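Asks: Note that the working numbering has the sequence shown beginning at 20, numbered continuously upward.
Glycine residues also receive a C-beta, built at the ideal position from the N, C-alpha and C atoms.
These numbers were taken from a predicted model, which means no experiment stands behind them.
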Amino acid sequence: MKDIGYLAQDISILHRQYYKDTGKLFKAHNLNPTAACILLTINDNSHINQNQVAKSLVIDKGLATV
Numbered sequence: 020m021k022d023i024g025y026l027a028q029d030i031s032i033l034h035r036q037y038y039k040d041t042g043k044l045f046k047a048h049n050l051n052p053t054a055a056c057i058l059l060t061i062n063d064n065s066h067i068n069q070n071q072v073a074k075s076l077v078i079d080k081g082l083a084t085v
């Protein structure tokens, strides 16, 4: 169980660092991090629908709009 705790901590650190590194770029395009992730997901999966985007990003379906 200890290893899972370290994994969760490492993922959290990477997540925060990703937003820190990309925040200015997203802001330059008037995007928040969630909107940017949605657009990147759609770019990578051109035939994806709103429900699939939400499931892929583990967000509420109502947030899966741009």
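Is it true that the CB of isoleucine 78 sits closer than 9 Å to the CB of threonine 53?
Replies: Position 34 of the sequence shown, counted from the first residue, corresponds to residue 53. Position 59 of the sequence shown, counted from the first residue, corresponds to residue 78. Going by C-beta atoms, threonine 53 is nearer than 9 Å to isoleucine 78.
Asks: Let's test the definition: count the other Cβ atoms within 10 Å of the Cβ of isoleucine 57 and tell me whether it reaches 16, buried, or not, exposed.
Replies: Numbered from its first residue, the sequence shown carries residue 57 at position 38. Label assigned to isoleucine 57: buried.
Asks: If you drop the 5 nearest sequence neighbours on each side, which residues of the same chain put their C-beta closer than 7 Å to that of serine 75?
Replies: Counting from one through the sequence shown, the residue named residue 75 turns up at place 56. Cβ within range, chain order: Thr60.
Asks: Looking only at its chain, what residues have a beta carbon closer than 6 Å to the beta carbon of alanine 27, apart from the 5 residues adjacent to it on each side?
Replies: Residue 27 sits at position 8 when you count from the first residue of the sequence shown. Excluding residues within five positions, none has a Cβ falling inside 6 Å.
Asks: Which class does serine 75 belong to by DSSP, given the choice of helix, strand or coil?
Replies: Here residue 75 refers to the residue found at position 56 when the sequence shown is read from its first residue. Serine 75 falls in the helix class under three-state DSSP.
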